[in-house]
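All remarks here apply to the structure that follows.
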Amino acid sequence: MGSLFDGETWRSRRPYVTAEADFRHHGLDPTAMEIGEVCLITFSAGLFRRVLERVPWVDEAFTWPYSTTPLKRCRTEGGTPFALHFPSYGGPRIANSLEQLAACGVRYVLGLGLGGTPRPDVAIGDIVVLEGAVRGDGVSRYYVPDEFPAVADLALTARLCRELDAHHERYHLGLSFGTDALYREGRALVERLRELGVLSLDLESSAFLTVGRRLGLKCCWTGVISDRLAEADHEGTIHPDHVMERLLRLSDHLLRVIEEL
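In the working numbering, the protein residues as written are 10 to 270.
Structure representation (structure tokens):
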């Protein structure tokens, strides 16, 4: 059995470009960006806009240098500073954003997204909280060996679960499968994931949890099931009304978690 412990791909080496150097290329000092220690990431552009509408305070004068991956400097109702960010889609963009957030001094990253489910007992609209992910992405292999797990931060996830429990929210707790290949989710793969009890499939979770942990960030992920990969067919659409309503409700829960950090 081969192992990347014997290889060089993931080992720390001096890269040609760092997140810090990229900021300085734009004439910015990442340590002076003052975006706070907490970031709420949405894994959907539409969701980013909807959550932004609910945030009590947004610094309209703040400029993030990367226009395709917007970030807003915000405050909760209680005055806690945090960043709201859409890193675009897929593992490589997630990894780049996490590098940039770490360079700016962020310590906690809370992810809010969507996923499909291979499970017949999980319904469209159900809430999912991740303990970890099966690594089907490619970018995390540049950060850690294959044996390294994609695990959410235990304490941060426990805080999230306490918040959901306090408001009598029903949710599934378990594992996701993070992939880079949306159009290659074949029946054989889905059947294996179903056999393993995996709750959901998405384009971000395994890269998010693995790269975040490698960079020393405390990460958690919650979301809503938007579609089902059933045995006979694909069911669901990306943003039905009840899915978006639950995502926005989850965003309110996450803002309360942020106030406790």
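Even for Gly, the Cβ is constructed at its ideal location relative to N, Cα and C.
Since the model is a prediction, treat every value here as computed from it, not as a measurement.
CA nearest to the CA of residue i, picked from the options
{"i": "Gly-187", "options": "Cys-113, Gly-122, Phe-95", "result": "Gly-122"}
{"i": "Gly-225", "options": "Ile-267, Leu-37, Arg-116", "result": "Arg-116"}
{"i": "Pro-205", "options": "Val-143, Glu-86, Gly-124, Glu-62", "result": "First, the residue type needs correcting, since residue 205 is Leu and not Pro in the sequence shown. Nearest option by C-alpha distance: Val-143."}
{"i": "Glu-108", "options": "Ala-28, Ser-215, Pro-24", "result": "Ala-28"}
{"i": "Arg-22", "options": "Val-153, Leu-256, Pro-90", "result": "Val-153"}
{"i": "Glu-269", "options": "Leu-165, Lys-227, Asp-135, Gly-114", "result": "Leu-165"}
{"i": "Cys-228", "options": "Val-266, Pro-90, Thr-85, Gly-36", "result": "Val-266"}
{"i": "Gly-147", "options": "Thr-89, Ile-50, Phe-217", "result": "Phe-217"}
{"i": "Leu-257", "options": "Met-42, Thr-85, Leu-56", "result": "Leu-56"}
{"i": "Gly-36", "options": "Arg-63, Leu-80, Gly-114, Trp-73", "result": "Trp-73"}
{"i": "Ala-167", "options": "Glu-200, Pro-65, Pro-24, Thr-231", "result": "Thr-231"}
{"i": "Glu-69", "options": "Ala-92, Ala-41, Ile-50", "result": "Ala-92"}
{"i": "Leu-163", "options": "Leu-182, Asp-211, Glu-178, Asp-155", "result": "Leu-182"}
{"i": "Ser-215", "options": "Pro-65, Tyr-151, Thr-89, Leu-80", "result": "Tyr-151"}
{"i": "Ala-132", "options": "Glu-43, Glu-46, Arg-179", "result": "Arg-179"}
{"i": "His-262", "options": "Ala-112, Ala-41, Ile-136", "result": "Ile-136"}
{"i": "Pro-65", "options": "Arg-193, Arg-102, Ser-235, Pro-90", "result": "Pro-90"}
{"i": "Leu-80", "options": "Gly-45, Ala-161, Glu-86", "result": "Gly-45"}
Limits of the unbroken alpha helix (DSSP H) element including residue i
{"i": "Leu-108", "result": "Residue identity check: residue 108 is Glu in the sequence provided, not Leu. Per DSSP, Glu-108 belongs to the alpha helix (DSSP H) from 100 to 112."}
{"i": "Glu-269", "result": "250 to 269"}
Classification of residue i by the beta-carbon crowding that lies within 10 angstroms, buried from 16 upward
{"i": "Arg-20", "result": "exposed"}
{"i": "Gly-100", "result": "buried"}
{"i": "Pro-127", "result": "buried"}
{"i": "Pro-96", "result": "buried"}
{"i": "Leu-110", "result": "buried"}
{"i": "Ser-76", "result": "exposed"}
{"i": "Pro-129", "result": "exposed"}
{"i": "Glu-172", "result": "buried"}
{"i": "Pro-39", "result": "buried"}
{"i": "Gly-120", "result": "buried"}
{"i": "Arg-237", "result": "buried"}
{"i": "Glu-213", "result": "buried"}
{"i": "Asp-211", "result": "buried"}
Proximity of residue i and residue j at Cβ, strictly below 8 Å
{"i": "Glu-140", "j": "Leu-169", "result": "no"}
{"i": "Ser-260", "j": "Val-60", "result": "yes"}
{"i": "Cys-272", "j": "Val-67", "result": "No information on residue 272 is available, as it lies outside the stretch 10 to 270 that the chain covers here."}
{"i": "Val-252", "j": "Gly-134", "result": "yes"}
{"i": "Arg-255", "j": "Val-220", "result": "no"}
Residue i, enclosing beta strand (DSSP E) - first and last residue
{"i": "Tyr-152", "result": "Note, Tyr-152: premise wrong, no beta strand (DSSP E); not H, not E."}
{"i": "Ala-142", "result": "136 to 145"}
{"i": "Thr-126", "result": "117 to 126"}
{"i": "Phe-91", "result": "90 to 94"}
{"i": "Arg-84", "result": "80 to 84"}
Handout entry: Whole beta strand (DSSP E) elements within the stretch 25 to 56, 3-residue minimum
Key = 47 to 51
Problem - Inside the stretch 175 to 248 only - beta strand (DSSP E) runs reaching at least 3 residues - result: 180 to 188, 209 to 211, 227 to 238
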